[in-house]
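One rule links them: number in the numbering used here = place in the sequence shown (from 1) + 2. So the structure is just underneath, and the comments pick up after that.
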Amino acid sequence: MTHALLVIDVQNDFCPGGALAVAGGDEIVPGIDAEMDKFDAVILTQDWHPAGHSSFASSHDAAPMSMTEMPYGPQVLWPDHCIQGTQGAAFHKDLLVDRADLIIRKGYNPAIDSYSAFFENDKVTPTGLEGYLRTRGIDAVTLVGLATDFCVNYSAVDAARLGFTVTVNTGLCRAIDFNGSLQAARTAMDEAGVTLA
Ligand code: VGL
Ligand code: ZN
């Protein structure tokens, strides 16, 4: 198999001190760096929202972590995070960004959030990652990064549905774990045929 390491959203805003900090988000960075040499390709994703993005609670006069209904379905309203060009959107300083073959940005469409590295939250608008993987002959992906229950989960489930062989290295992921989201994510990944290692 030709196997890619898919490093999801290891960005300052998801690390302690960031706008949407995930507990222990920074702890996984050395372990992720150490994995890179074991794969045929290293791909990073970068959450990359314009200011005033529709997934921000501040755009709806709503409380962060409340829910809203979007044309494409229910959406968690997040604190402002990963705004294009800001330090919060930058990768953690210790992540070996120079080792990446590809950096794929997502969440740039003001009207649609994008948890998955493959499709926006409408589940139909592609990011282009599927085509990149296929044209490079990559048939297996291992996911690591942030957050287990959102962007890692959605990316892993989509990869499995697209026919890739998918592993999530849970030791190199950390979760937001809000309203049962981590348990729901584990179930969704399991049902999609994702290997949780
Ligand atoms: C993420 C919430 C909002 C993630 C991104 O990377 O898991 N979560 N944007
Ligand atoms: Zn986001």
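We put the beta carbon where it would ideally sit given N, CA and C, even for glycine.
Buried or exposed: which applies to residue i, given that a residue is buried once 16 or more other Cβ atoms fall within 10 Å of its Cβ?
i	result
M69	exposed
M191	buried
T129	buried
A21	buried
Q13	buried
How is the beta strand (DSSP E) around residue i delimited, first residue to last?
i	result
V44	43-49
R107	104-108
A142	142-148
Pull up the DSSP beta-bridge partners for residue i, would you.
i	result
P76	E71
Q13	F93
H5	A142
C175	G147
V99	For V99, which the question treats as bridged, DSSP gives no partner whatsoever.
In chain order, what residues of the same chain lie with their CB nearer than 8 Å to the CB of residue i, ignoring the 5 residues before and after it?
i	result
I114	S56, M72, Y74, E122, N123, D124, T127
A64	T70, L79
Which same chain residues end up closer than 6 Å to residue i when comparing Cβ atoms and leaving out the 5 residues on each side of it in sequence?
i	result
G33	L174
D35	L98
P81	A21, L22, P66
D96	V31
State the start and end residues of the unbroken alpha helix (DSSP H) segment that holds residue i.
i	result
R138	Run containing R138: none; DSSP gives neither H nor E here.
G33	31-37
L184	183-193
Y156	155-163
To which residues of the same chain is residue i closer than 7 Å at the C-beta, ignoring the five residues directly before and after it?
i	result
A119	L8, I10, T47, I106, K108, T129, L131, S157
Please check the pair residue i and residue j, which I expect to be a contact at CB under 8 Å, by giving their CB distance rounded to whole angstroms.
i	j	result
F166	D141	6 Å
N111	T144	With a Cβ gap of about 27 Å, N111 and T144 do not count as contacting.
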